[in-house]
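Residues in the sequence shown are numbered from 26 upward in steps of one, following this note's numbering.
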Amino acid sequence: MSENVNWGRVWEETVDYLVPLLKLKAPQVALYYYLLRHSRLRGQRTVTTTKRAIGDGVQRCFLSVKNQLLKLVHKRCIAVSERSARGLTLQVFLPREIVGSLRRGGYTTVDVNDRGTANYDGAKRLAIFRREKGRCFYCRRRLRRSNLFLDHLESLSSGGSTRMENVVACCGPCNREKGSGRAPSYLYTLYRMKRLSRQRYKERMRALRKLQLAAAEAM
């Protein structure tokens, strides 16, 4: 039997929060839904299957399934409980179990000036947008509020938090290029590619250290 779970809410939480927070790509989302279907939807926390069976289910090759499974494990969406002759036994987590601050009804509403969890509602996005003075944190390209991206200086998969001190506004190209990489490394890449001047690079590193210090003080 299925768990007492609001599956409409699970779908909303996956699309609205899990995908942007963990930067899940389409193949990872398809795989995650497939595993949910064969575990939690059946009232079970685990599913025992093989990579080839998963590949048939999501129409992906063996190598692709292997790579995407590793990424979901790294992002704490699933965990490998056992390896046996029958295949892999995978523990599959619901969105609210994956992100600690994600609750059944969505993120907790907090005041814009609160230094707690960055909740990605309109007020939070506006606060971060204004903190960056309407520009991309990395390349300083001017942003529009309608199409800004939020990026974690230290990715969640690397242990970063969702606090505002770890979240910056950025443009689409920088968001895609940086991915889950480290902010200092990406800023240095922009400098080496001459997309940041030496003066701008130093200024960006100072801004980064300021946020890192604020994050440390808030812990």
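We treat Cβ as the ideally placed atom computed from N, Cα and C, and that holds for glycine.
Since we're looking at a predicted model, the values are computed, not measured.
Check	Outcome
Exposed unless 16 or more other CB atoms sit within 10 angstroms - verdict on Phe87	exposed
Same chain only: Cβ atoms within 6 Å of Lys203, ignoring 5 sequence neighbours per side	Tyr211
The alpha helix (DSSP H) enclosing Gln116, as first and last residue numbers	Gln116 -> not in any alpha helix (DSSP H); beta strand (DSSP E) instead, spanning 112-117.
Three-state secondary structure assigned by DSSP to Cys199	helix
Segment contact flag, the region 167-174 with the region 149-158, C-beta cutoff 8 Å, min 3 pairs	yes
Limits of the beta strand (DSSP E) - the one that Phe87 falls within	No beta strand (DSSP E) contains Phe87, which is instead part of the alpha helix (DSSP H) from 87-99.
Rounded separation between Pro52 and Thr39 - CA only	14 Å
Rounded C-alpha distance that separates Ile79 from Leu95	14 Å
Exposure label - Gln224; buried when at least 16 CB within 10 Å	exposed
Reduced DSSP secondary structure (H/G/I, E/B, other) of Glu122	helix
Distance between Thr75 and Trp36 (C-alpha atoms, nearest Å)	25 Å
Proximity to Cys195 [Cα-Cα], best of Ala110, Cys161, Tyr226	Cys161
Leu47 versus Leu173, Gly206, Thr114, Gln116, residue with shortest Cα-Cα distance	Gly206
Cα-Cα separation, Val105 to Arg34	25 Å
Buried/exposed call for Met218, threshold 16 Cβ in 10 Å	exposed
From Phe118, Arg101, Ala110, Ser109, residue whose alpha carbon lies closest to that of His63	Phe118
Check whether Ala240 and Asn191 have beta carbons under 9 Å apart	yes
Pair within 9 Å by beta-carbon distance, Leu173 and Arg150	yes
Close-in-space but distant-in-sequence residues of the same chain around Ser180 (CB under 6 Å, 5 per side omitted)	Ser205
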